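Residue numbers (the UniProt record's numbering): 1 to 282.
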């Protein structure tokens, strides 16, 4: 199997793996899934600044145990060798703590996805959903949000195909943080044909992640940072919950209209949060 693992930042190279996966039932109600790299020796001609050189996944995976209450107990282990020098200093503590690629990240993401699937598969509409959308309308809105977030994630990180270029600026150190790439859109679903330019950066802010996440997803405070708000608060027209945490949802926002000649703009937004981090995409 092949995979690309990424942290949503241009300052952390993508981890590319070619690995073997072995699945086995160890006992009644107990399964193990183990991965191990088979590309321990890479050709130096294929290495660049966007991928981890000499990164290999030693035996890693999870144990899934069936519990009497119908739930599953997950034990996850990640064992990876990599060159820390290729990671920007801003992200080294995060990566070494396992929050970027480690077991904590996998478990947090798995828990959030399980909550999301449980809500989507349920016939009951969560009490927090203040929307008149039909079930088919909810599914369509969720699919559109999923496609939007997928496009965002692919645009925030480079890959083995699309390479980042540093932004060259004279007189400051912004080039250490800003990355730019261009790609040609031909038959990409949901995109007009032409040249697409992506720019991404990462910064450190002296504020807690939860406080920043709550600030960015609050439609009443949108005018503090979003030019699309036209200088005023936005109105949430639809809300679809995707988990137990109020921060996991898809929303449809309406921008403040200053005069009758302006378009009545609607903004689709998806927010996600778990123990490993948060995401706001619109």
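Glycine included, each C-beta is placed from N, C-alpha and C at the ideal position. These numbers come from a predicted model, not from an experiment.
- When only Cα atoms are considered, residue 156 and residue 62 end up about 28 Å apart.
- The alpha helix (DSSP H) runs lying completely inside the segment 190-261 and spanning 4 residues or more are 209-217, given in chain order.
- Its chain contains 15, 82 as the residues whose beta carbon lies nearer than 6 Å to that of residue 55, once the 5 sequence neighbours on both sides are disregarded; these appear in chain order.
- Counting C-beta pairs closer than 8 Å gives fewer than three between the segment 185-202 and the segment 228-240, which falls short of the contact rule.
- Residue 122 is classed as exposed because its beta carbon has fewer than 16 other beta carbons within 10 Å across all chains shown.
- By the CB criterion at 7 Å, residue 196 and residue 185 fall inside the cutoff.
- Look at the UniProt domain "START" (1-119) and you find these whole runs of alpha helix (DSSP H), each 4 residues long or longer: 92-96.
- In the three-state scheme derived from DSSP, where H, G and I count as helix and E and B as strand, residue 264 is classed as coil.
- The segment 217-235 makes no contact with the segment 86-103, as fewer than three CB pairs between them are under 8 Å.
- When the beta-carbon positions are compared, residue 80 and residue 13 stay at least 7 Å from each other.
- Under the Cβ criterion (8 Å, minimum of three pairs), the segment 133-140 does not count as touching the segment 97-116.
- Close CB contacts of residue 244 within its chain, under the 8 Å cut and outside five residues either way in sequence, are with 115 (chain order).
- For the 7 Å CB-CB criterion, residue 30 and residue 65 form a contact.
- For residue 184, the enclosing beta strand (DSSP E) begins and ends at 179-185.
- Within its own chain, the residues whose Cβ lies closer than 8 Å to the Cβ of residue 229, once the five positions on either side in sequence are excluded, are 222, 223, 255, 256, listed in chain order.
- The beta carbon of residue 220 is closer than 8 Å to those of 233, 234 in its chain, skipping five residues each way along the sequence.
- The residue from 205, 250, 275 with its alpha-carbon nearest to that of residue 267 is 250.
- Taking C-beta separations shorter than 6 Å and ignoring five residues to either side along the sequence, the partners of residue 22 in its chain run 34, following chain order.
- Assigned with DSSP and collapsed to three states, residue 140 falls in helix.
- As a beta-bridge residue in DSSP terms, residue 273 pairs with 278.
- For the set 252, 36, 68, 97, the Cα lying nearest the Cα of residue 58 is the one of 36.
- Inter-residue distance for residue 165 and residue 215 is about 31 Å (C-alpha atoms, whole angstroms).
- Around the Cβ of residue 273, a 10 Å sphere holds 16 or more other Cβ atoms; the residue is buried.
- For the pair residue 78 and residue 60, the CB atoms are nearer than the 7 Å cut-off.
- Cβ-Cβ distances below 6 Å link residue 280 to 216, 217, 271 in the same chain, with the five nearest sequence neighbours on each side left out; the list follows chain order.
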